[in-house]
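Visitor: Residue numbers (the numbering used here): 37 to 261.
Written out as structure tokens, the structure reads:
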């Protein structure tokens, strides 16, 4: 999520940085919403000060027997409270829009990140080993897995729909071995192993950056079901 203070203080940097990711940052829209938010806060603070002053007068007026003036002050306080409530509702709406905007755009790349149109512009940092040469044509993994009986796409679609795979035999064993290898490696370096729930709520996925960017790509349950 983009930091609102950094975006506010560095509008040109944000625009230029996101342009390197082929993203157009709506700088004017952000500036307008941010200014509206700060204006609402300032207006509410002014009304709160007026309300506090009027509230203090009520006790003094009642003490002096000026009942009519005290009632007028009470009416003023109620009117101010109504205005504050309305402005607070506007601020919440603006805050939500700003938060959605900041979360919906990618992070600013590090200064060392190479700029390019696609993966062909990625620089090779280092190479380990020598790629082997084979005297036969390669098979795509979906063909190889099906031929070996370790991947079953048709059953996966029946079980869960598209974008899922079903691993069987050596494929399932390989998946389990990789999970164990990863977990054991991290545990040996001082990490603690956890077995989390199979599902996560919207707040959690927002915290991990999955929402709102990838909401259309996520499988989810319907509320209350």
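For every residue, glycine included, the Cβ atom is placed at its ideal position computed from N, Cα and C.
Since we're looking at a predicted model, the values are computed, not measured.
Taking the CB atoms as reference points, tell me whether residue 90 and residue 106 lie closer together than 8 Å.
Guide: no
Visitor: Going by the DSSP bridge assignment, what does residue 202 pair with across the sheet?
Guide: 188
Visitor: Would you call residue 76 buried or exposed, if buried means 16 or more other Cβ atoms sit within 10 Å of its Cβ?
Guide: buried
Visitor: Give a yes or no on whether the C-beta atoms belonging to residue 73 and residue 121 are separated by under 8 Å.
Guide: no
Visitor: Distance, Cα to Cα, residue 253 vs residue 193?
Guide: 17 Å
Visitor: So residue 54 and residue 201 are supposed to be a Cβ contact under 8 Å. How far apart are they, rounded?
Guide: At roughly 34 Å, the Cβ-Cβ gap does not stay under 8 Å, so residue 54 and residue 201 are not in contact.
Visitor: Would DSSP call residue 261 helix, strand or coil?
Guide: Low per-residue confidence applies at residue 261: pLDDT is 46, beneath 50, and the placement is therefore not dependable enough to give any value.
Visitor: Can at least three beta-carbon pairs, one atom from the region 175-190 and one from the region 203-215, be found at a separation below 8 Å?
Guide: yes
Visitor: With DSSP collapsed to three states, give me the class of residue 148.
Guide: Residue state for residue 148 is assigned as coil, using DSSP reduced to three classes.
Visitor: Quick check: what's the CA-CA separation for residue 117 versus residue 237?
Guide: Roughly 35 Å separates the two Cα atoms.
Visitor: Closest by CA to residue 114, which one among 45, 63 and 83?
Guide: 83
Visitor: Leaving out the 5 sequence neighbours to the left and right, which residues in its chain are closer than 8 Å to residue 123 when beta-carbon positions are compared?
Guide: Closer than 8 Å at Cβ, skipping near neighbours: 76, 79, 80 and 83.
Visitor: Please report the residue range of the alpha helix (DSSP H) in which residue 102 lies.
Guide: Careful: residue 102 lies outside any alpha helix (DSSP H) and carries neither H nor E.
Visitor: In or out: residue 43 buried (at least 16 other Cβ within 10 Å) or exposed?
Guide: buried
Visitor: Taking all protein chains shown into account, decide if residue 66 is buried (16 or more other Cβ within 10 angstroms of its Cβ) or exposed.
Guide: That one is buried.
Visitor: Taking the alpha helix (DSSP H) that residue 228 falls in, what are its first and last residues?
Guide: Careful: residue 228 lies outside any alpha helix (DSSP H) and carries neither H nor E.
Visitor: What residue range does the alpha helix (DSSP H) around residue 42 cover?
Guide: 40-45
Visitor: Taking the beta carbon of residue 178 as the centre, do at least 16 other beta carbons fall within 10 Å, making it buried, or is it exposed?
Guide: exposed
Visitor: Decide if the region 167-174 is in contact with the region 147-159; the criterion is three or more beta carbon pairs, one per stretch, under 8 Å apart.
Guide: By the Cβ rule, the region 167-174 does not count as touching the region 147-159, because fewer than three pairs are nearer than 8 Å.
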